[in-house]
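Protein chains: 2
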Amino acid sequence: MKELISKLKNNIDLSPEAEEYLHSISSNREVSKGEVLIREGQTVRYTYFVTDGCLRSFCIDKNGRQHTLQFAIKEWWISDFIAIYNNELATLTVESITDSKVIEFKAMDLANIFTKYSEFEAFQRGNLERHVVSLQKRILNQLQLTAAERYDLFLQQYPDIESYTPNYHIASYLGITQQSLSRIRKEKANA
Amino acid sequence: MKELISKLKNNIDLSPEAEEYLHSISSNREVSKGEVLIREGQTVRYTYFVTDGCLRSFCIDKNGRQHTLQFAIKEWWISDFIAIYNNELATLTVESITDSKVIEFKAMDLANIFTKYSEFEAFQRGNLERHVVSLQKRILNQLQLTAAERYDLFLQQYPDIESYTPNYHIASYLGITQQSLSRIRKEKANA
Numbered sequence: 001m002k003e004l005i006s007k008l009k010n011n012i013d014l015s016p017e018a019e020e021y022l023h024s025i026s027s028n029r030e031v032s033k034g035e036v037l038i039r040e041g042q043t044v045r046y047t048y049f050v051t052d053g054c055l056r057s058f059c060i061d062k063n064g065r066q067h068t069l070q071f072a073i074k075e076w077w078i079s080d081f082i083a084i085y086n087n088e089l090a091t092l093t094v095e096s097i098t099d100s101k102v103i104e105f106k107a108m109d110l111a112n113i114f115t116k117y118s119e120f121e122a123f124q125r126g127n128l129e130r131h132v133v134s135l136q137k138r139i140l141n142q143l144q145l146t147a148a149e150r151y152d153l154f155l156q157q158y159p160d161i162e163s164y165t166p167n168y169h170i171a172s173y174l175g176i177t178q179q180s181l182s183r184i185r186k187e188k189a190n191a
Numbered sequence: 001m002k003e004l005i006s007k008l009k010n011n012i013d014l015s016p017e018a019e020e021y022l023h024s025i026s027s028n029r030e031v032s033k034g035e036v037l038i039r040e041g042q043t044v045r046y047t048y049f050v051t052d053g054c055l056r057s058f059c060i061d062k063n064g065r066q067h068t069l070q071f072a073i074k075e076w077w078i079s080d081f082i083a084i085y086n087n088e089l090a091t092l093t094v095e096s097i098t099d100s101k102v103i104e105f106k107a108m109d110l111a112n113i114f115t116k117y118s119e120f121e122a123f124q125r126g127n128l129e130r131h132v133v134s135l136q137k138r139i140l141n142q143l144q145l146t147a148a149e150r151y152d153l154f155l156q157q158y159p160d161i162e163s164y165t166p167n168y169h170i171a172s173y174l175g176i177t178q179q180s181l182s183r184i185r186k187e188k189a190n191a
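Just so you know, the protein sequences line up as chains A and B, in that order. Under the numbering used here, read the first sequence as residues 1 to 191, first letter to last. Under the numbering used here, read the second sequence as residues 1 to 191, first letter to last.
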């Protein structure tokens, strides 16, 4: 929690009351590899800030195939924001793909922070704007880049992810088959 | 502008000063079919609120192919938000695909509204949250749905767009070739 508080203090004028509030709505949690924190169809009660390890959010299509929306490494937030922002049940599943450490925030209390402590508004606006940019870029990349180019960008964003993530997670993020991913890797190795 | 002001008043407690500010940073503009409002490589000075017609934003890849990020119909906003939020030159082009009417806002002055009139913060947070949701859903749909399923969803979102948009715009939004789009349409017509 210390790291998150000091990160916040770099960006906003955090009052002692707001800091106390953050402590009151959160708890440190260790999660094991494979543990599911949010399950499709359930109410989303928590938002997670990753302090160690890696989590992933994904949906499962009607044929049982998984499609990865996000990987969250150290200092990233993860939850089912579609469910939280739309006030719906989860359509995503969030699981830990390594042994991880997270700060677990009550999602509803976190949403109330903006009315309680308005200093968070401008900060959150910046966060959401950056999120919009990264999602728009991902859509444009999906439209215009080859699978091999998207794989290169992915490795730039998550440099050592291949050491702890199975191939099918990465393929399911890039929107390609595991066979295509293997072929791309072979071509890179031989290039 | 009246429509936009009344829409805002449904959502926020708009002070006369804030309303006056909105008028001072905007102007009504009629744009012709094919007119380019933002061009890749240039500084993005304006954000547009569509009051009639349809605009589109797209990027151009290294082979000269266009890829459509967004169509904006009545009551939608459009600009190059990647450029605005990252303070970069435009990577997108915004053009009007019909004769249209827009309200043109100075982008920098619009960004300053949140510090001048804090009542816009919570409203904008809601807008950005909904934008994140729609972009995440588009990514998930791109990963998990067939092209025909994505085309059906597209027509639900933009019911009469086919009457004024060339096929290659729609294909370039769905990430498919024009030939695939023609095939999907034929199969729907024969179904």
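In this text, a Cβ means the ideal position worked out from N, Cα and C, and glycines have one as well.
Using a Cβ distance threshold of 9 Å, A/Val44 and A/Ala90 count as a contacting pair. Listed in chain order, the non-local C-beta contacts of A/Ser172 below 6 Å within the same chain comprise Gln66, His67, Thr68, local neighbours out to five positions each way being set aside. Within the segment 4-74 of chain B, the runs of alpha helix (DSSP H) at least 4 residues long that lie entirely inside it are, in chain order, 16-24. Collapsing the DSSP output to three states places A/Thr93 in a strand. Below 8 Å, too few C-beta pairs join the segment 17-36 of chain B and the segment 56-65 of chain B to call them touching: fewer than three. No residue range can be given for A/Glu162, since it is assigned to no beta strand (DSSP E) and is classified by DSSP as neither H nor E.
Taking 9 Å as the cut-off, the Cβ atoms of A/Leu174 and A/Tyr151 count as close.
DSSP, reduced to helix, strand and coil, places B/Glu119 within a helical segment of the structure shown. For A/Leu8, no Cβ of chain B is located within less than 9 Å of the residue's own Cβ. Close partners of A/Ile82 in chain B (Cβ separation under 7 Å): Val133, Gln136, Lys137. Spanning the alpha carbons of B/Ser180 and B/Leu145 requires a straight line of approximately 15 Å. A/Val133 is not a Cβ neighbour of B/Asn127, given a cutoff of 9 Å.
Inter-segment contact for the segment 135-145 of chain A and the segment 135-144 of chain B is present: three or more beta-carbon pairs are separated by less than 8 Å. Look at the segment 95-129 of chain B: the residues with a C-beta under 8 Å from a C-beta of chain A are Phe114, Thr115, Ser118, Glu121, Ala122, Gln124, Arg125, Leu128, Glu129. Legend: CB atoms of the segment 158-178 of chain B lying less than 7 Å from CB atoms of chain A belong to residues Gly175. A/Thr47 is a Cβ neighbour of A/Ser79, given a cutoff of 9 Å. With distances taken between CA atoms, B/Glu35 lies nearest to B/Asp99 out of B/Asp99, B/Ile184, B/Glu162.
For A/Ile103, the enclosing beta strand (DSSP E) begins and ends at 100-106. Looking at the DSSP output, A/Ile78 bridges to A/Tyr48. Of all residues in the segment 35-64 of chain A, the ones placed with a Cβ closer than 8 Å to any Cβ belonging to chain B are Cys59, Asp61, in chain order. The beta carbon of B/Thr93 does not come within 9 Å of any beta carbon belonging to chain A, so the residue lies off that interface. For B/Gly126, the secondary structure class from DSSP, reduced to helix, strand or coil, is helix. C-alpha of A/Phe154 to C-alpha of B/Glu149: approximately 27 Å in a straight line. By alpha-carbon distance to B/Ala72, the top candidate from B/Thr165, B/Leu8, B/Lys188, B/Arg185 is B/Thr165. Spatial neighbours of A/Leu92 in its own chain (CB-CB distance under 8 Å, excluding positions within 5 residues in sequence) are listed in chain order as Ile38, Glu40, Ser57, Phe58, Cys59, Leu69, Asp80, Ile82, Ala83. A residue is called buried when at least 16 other Cβ atoms come within 10 angstroms of its Cβ; B/Ala189 does not meet this threshold and is exposed. Residues of chain B with a Cβ closer than 8 Å to the Cβ of A/Tyr85 are, in chain order, Glu129, Arg130, Val132, Val133. Residues of chain B whose Cβ lies closer than 7 Å to the Cβ of A/His67 are, in chain order, Leu140, Leu143, Gln144. Short of 7 Å from the beta carbon of B/Glu104, and not among the five residues preceding or following it, lie these beta carbons of its own chain, in chain order: Ser26, Ser27, Arg29, Tyr46, Tyr48. A residue is called buried once 16 or more other Cβ atoms fall within 10 Å of its Cβ, and A/Gly64, having fewer, is exposed. Out of B/His23, B/His131, B/Ser118, the CA that lies nearest to the CA of B/Met1 is found in B/His23. Ranking B/Ala191, B/Asp109, B/Ile97 by CA distance to the CA of B/Asp52 puts B/Ile97 first.
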